[in-house]
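Trainee: I'd like to ask you about the structure that follows.
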Amino acid sequence: MNTTNLPLLLRATHVTFDTPATERLVQLGAKSIVRASERLIIGPCRRDPLEHVRTREAWCASFEDRRNVDDAGQKWDRLYSSDVDWKPPVVVWVSMGLHQRVNLWRTCSWLRHLGIPCSDVLIVEFEPVYGTMKRFPEPPRIPPFDCSASVAHHPDDILLDRLDKARPWPVERYDRAVRLWESYADENPLPFVESCARGVEGFPELGPLWGLLSHFFPRRSPEGALRLSRLDELILSILSEEWQTPVRVFCNRTPLGLDLRDLGSCTGDLFVEDRLAQWAMHASNAAVERAPGPKPPGHRMLSNVYRLTDHGQRLRDIGLDQLTDAPSLPVAGIDAYSASAPWVLLEDGRLARL
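Here the sequence shown stands for residues 1 to 354, where the numbers follow the working numbering.
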């Protein structure tokens with residue numbers, strides 16, 4: 001059979017960045033789909049594919065009850081899998097969600113590594129769909145960081161129409177996507193942060209992305225004092241001397257809780273539980289204590305309770321003596337709070353090395 005005569009949906013290799021999009025393409029008749037739905041905004045990233053896979057798996061294994069496969073045993077991220085048959089053309093389906101945009105850069109880099117020319121890659125882009133919410137007198141509140149947008153939010157006729165009109169990106173734009181991934185996963189974050197600050201044509205996600213990532217880095221005041229990252233400041237401010245489950249921390253009904261949930265819209269609520277566990281296990285003079293919760297293991301947001309110690313109050317209110325007073329947190333190509341990569345966020349939003 002001459003596959004070039006088959007409709008593009010049937011003969012192409014499709015790349016998707018979330019499960020709903022994968023399921024929709026299956027329903028429409030796509031035969032070859034590669035799901036690459038890693039949340040690359042949290043956790044380590046590496047430029048070398050083998051090192052990236054190894055580092056992500058090690059990071060995943062360091063958490064309690066975290067899995068890198070879905071309920072069916074399929075990996076969330078198959079981009080680098082050796083069993084993928086990359087028959088061109090390759091169609092990349094991407095929304096404006098921040099996770100998906102970072103995965104788009106990585107996909108462009110990987111396809112180039114495989115020797116697939118950008119003329120054989122069709123990138124089908126979709127804007128977010130928020131809905132009308134007509135039953136409410138005011139429009140719904142939209143989080144400042146959008147990671148929930150999905151190709152699957154659009155009806156079938158829109159998907160097929162966009163596919164029919166899809167064309168390869170100009171070489172220059174494709175090159176910029178590859179360079180963005182390389183700088184994002186690099187051990188020197190400054191080129192990437194500078195790209196976010198000045199903007200890159202064709203990639204409007206850079207400003208909001210850095211707005212999100214900047215919340216994960218420890219801060220340095222104009223006077224030189226070291227402060228917690230905004231993420232950790234929120235978590236330790238919501239905690240108190242009373243025991244709280246992670247779900248109670250995440251659902252806190254204050255402006256602090258709302259800010260935490262804004263970040264959680266991209267990290268996921270389980271990330272808050274992960275971070276609480278990291279704080280509880282960090283150093284002998286822990287800032288956070290942990291005890292068994294109301295539910296047995298397996299109920300991650302309810303199986304433990306946490307409370308703030310005097311040392312935690314000091315870190316929250318006065319600041320850090322050194323970066324390693326807080327547990328390290330991998331962000332893209334570096335680790336926040338790391339002595340070997342002492343990057344801090346300045347008051348003007350730039351990163352600087354101590």
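We treat Cβ as the ideally placed atom computed from N, Cα and C, and that holds for glycine.
Just checking my contact of LEU9 with GLY29 at CB under 8 Å: how many whole Å lie between their CB atoms?
Mentor: Confirmed, Cβ separation roughly 6 Å.
Trainee: Rounded to whole angstroms, what's the CA-CA distance from ALA283 to PRO170? Just pull it up for me.
Mentor: Straight-line Cα distance between these residues: approximately 51 Å.
Trainee: Between which residues of its own chain and LEU190 is the CB-CB distance below 7 Å, once the five residues before and five after are set aside?
Mentor: So the list reads LEU351, once near-sequence residues are dropped.
Trainee: How would you call GLY115, buried or exposed, if buried means at least 16 neighbouring beta carbons within 10 angstroms?
Mentor: Under this definition GLY115 is an exposed residue.
Trainee: Given this structure, state the Cα-to-Cα distance separating LYS87 from ARG11, to the nearest angstrom.
Mentor: Approximately 8 Å between the Cα atoms of the pair.
Trainee: Per DSSP, ASP77 forms a beta bridge with which residues?
Mentor: DSSP, once it has assigned bridges, lists ALA36 as partnering ASP77.
Trainee: Tell me the residue span of the beta strand (DSSP E) that contains ASP18.
Mentor: Run containing ASP18: none; DSSP gives neither H nor E here.
Trainee: From HIS311 to VAL249, what distance separates their C-alpha atoms?
Mentor: Rounded to whole angstroms, HIS311 to VAL249 spans 19 Å at the Cα level.
Trainee: Assign VAL129 to one of three DSSP states: helix, strand, or coil.
Mentor: Three-state DSSP puts VAL129 in coil, outside helix and strand.
Trainee: For GLN100 versus PHE17, is the C-beta spacing smaller than 8 Å?
Mentor: It is a contact, given that the beta carbons lie within the stated cut-off.
Trainee: Could you check if PRO292 is buried or exposed, using at least 16 other CB atoms within 10 Å of its CB as the buried criterion?
Mentor: Counting Cβ neighbours within 10 Å, PRO292 comes out exposed, since fewer than 16 surround it.
Trainee: For ASP335, I'd like the list of residues in its chain whose CB is within less than 7 Å of its CB, leaving aside the five on either flank, ordered along the chain.
Mentor: The residues are SER328, LEU329, ALA341.
Trainee: What residues match up with ASP335 in a beta bridge as DSSP calls it?
Mentor: DSSP output for ASP335 lists PRO330 as bridge partner(s).
Trainee: Measuring straight from C-alpha to C-alpha, what distance separates THR132 and TRP105?
Mentor: Low per-residue confidence applies at THR132: pLDDT is 44, beneath 50, and the placement is therefore not dependable, though the value from the model is reported in the following sentence. Using only the alpha carbons, I get a separation of about 31 Å.
Trainee: Since VAL124 and LEU40 should fall inside the 8 Å C-beta cutoff, what is the C-beta to C-beta distance between them, to a whole number of angstroms?
Mentor: Not a contact, Cβ separation roughly 20 Å.
Trainee: Around the Cβ of ALA152, are there at least 16 other Cβ atoms within 10 angstroms (buried) or fewer (exposed)?
Mentor: Answer is buried; the Cβ neighbour count reaches 16.
Trainee: Answer yes if the segment 193–206 comes into contact with the segment 316–328, meaning at least three C-beta pairs across the two stretches below 8 Å, and no otherwise.
Mentor: Touching, no, given that fewer than three Cβ pairs across the two stretches are closer than 8 Å.
Trainee: How would you call LEU308, buried or exposed, if buried means at least 16 neighbouring beta carbons within 10 angstroms?
Mentor: So LEU308 counts as buried.
Trainee: Roughly how many angstroms lie between the CA atoms of PRO117 and SER183, to the nearest whole one?
Mentor: For PRO117 and SER183, the distance between alpha carbons rounds to 21 Å.
Trainee: Quick check on ASN252: buried or exposed, where buried means 16 or more other Cβ atoms within 10 Å of its Cβ?
Mentor: Under this definition ASN252 is a buried residue.
Trainee: Do CYS108 and VAL15 count as a contact pair if the criterion is CB distance below 8 Å?
Mentor: No, they are not a contact pair.
Trainee: Any idea what DSSP makes of VAL200, helix, strand or coil?
Mentor: In this structure, VAL200 counts as coil in the three-state DSSP scheme.
Trainee: Taking contact to mean 3 or more Cβ pairs, one atom from each stretch, closer than 8 Å, check whether the segment 90–100 and the segment 202–220 are in contact.
Mentor: A contact exists between the segment 90–100 and the segment 202–220.
Trainee: Closer than 7 Å by C-beta to ASP156: which residues in its own chain qualify, once you throw out the five before and the five after it? Chain order, please.
Mentor: The answer, listed in chain order, is LEU28.
Trainee: What's the call for ILE158, buried or exposed, on a 16-neighbour Cβ count within 10 Å?
Mentor: Burial call: exposed.
Trainee: DSSP state of ARG106, grouped into three classes?
Mentor: DSSP places ARG106 in helix when its eight states are reduced to three.
Trainee: Just how far apart, CA to CA, sit GLU289 and ALA280?
Mentor: Approximately 5 Å between the Cα atoms of the pair.
Trainee: Cβ of PRO222 within 8 Å of Cβ of GLU127?
Mentor: Their beta carbons are not under 8 Å apart, which means PRO222 does not touch GLU127 by this criterion.
Trainee: What beta strand (DSSP E) runs, 3 residues minimum, are completely inside the segment 231–307?
Mentor: Counting whole runs of 3 or more residues, the segment 231–307 contains the beta strand (DSSP E) stretches 288–292.
Trainee: Could you give the distance in angstroms between the alpha-carbon of VAL26 and the alpha-carbon of THR324?
Mentor: Near 47 Å, if we compare the C-alpha coordinates of THR324 and VAL26.
Trainee: In the DSSP assignment, the beta strand (DSSP E) including LEU345 goes from what residue to what residue?
Mentor: Taken as a continuous stretch (DSSP letters only), the beta strand (DSSP E) holding LEU345 covers 343–345.
Trainee: Verify whether the separation of the beta carbon atoms of ALA166 and VAL84 is less than 8 Å.
Mentor: No, Cβ-Cβ distance for ALA166 and VAL84 is not below 8 Å.
Trainee: Specify, as a first and last residue, the run of the alpha helix (DSSP H) that TRP169 falls within.
Mentor: It is not in any alpha helix (DSSP H) - TRP169 carries neither H nor E in the DSSP assignment.
Trainee: What would DSSP say about PRO218, mapped onto helix, strand or coil?
Mentor: Coil, per DSSP.
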